[in-house]
Amino acid sequence: MRAEASVLQAQVALKMLVEQPDLRKAIFGKALKLCQDMDDQPLTEALHACQKMAEEQYAGRKSPPL
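Residue numbers for the sequence shown follow our numbering, so the first one is 1186 and each next one is one higher.
As structure tokens, then:
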């Protein structure tokens, strides 16, 4: 149960660290390992979704305005 809580906290961190891609990458990697160790597919998918959302937000902020 602690590993699941850690992954959920990592998801929150990913959302908060949109402007910190290197930090997000490290957090994502550790959380993904926990998901794989637990063999929890729904939690893994949710983690990927959080990372993807953060990447898209970061890319959008880096793009020049139209």
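All C-beta atoms, glycine included, are put in the ideal place defined by N, C-alpha and C.
Please read these numbers as outputs of a predicted model, since none were measured by experiment.
TODO: On a CA-only basis, which of Pro1206, Ala1211, Leu1202 and Cys1220 is nearest leucine 1193? Give me that one, please.
DONE: Out of Pro1206, Ala1211, Leu1202 and Cys1220, Cys1220 has the C-alpha closest to the C-alpha of leucine 1193.
TODO: Identify whether glutamine 1194 lies in helix, strand or coil by the three-state DSSP scheme.
DONE: Of the three classes helix, strand and coil, the one that applies to glutamine 1194 here is helix, per DSSP.
TODO: Give a yes or no on whether the C-beta atoms belonging to leucine 1199 and phenylalanine 1213 are separated by under 9 Å.
DONE: Contact: yes.
Open item on the list: Relative to the C-alpha of glutamate 1240, which candidate in Lys1215, Pro1206 and Lys1218 has its C-alpha closest?
Closed with: Ranking the options by Cα distance to glutamate 1240, first place goes to Pro1206.
TODO: Reducing DSSP to helix, strand and coil, say where glutamine 1205 ends up.
DONE: Residue state, collapsed to three classes: coil.
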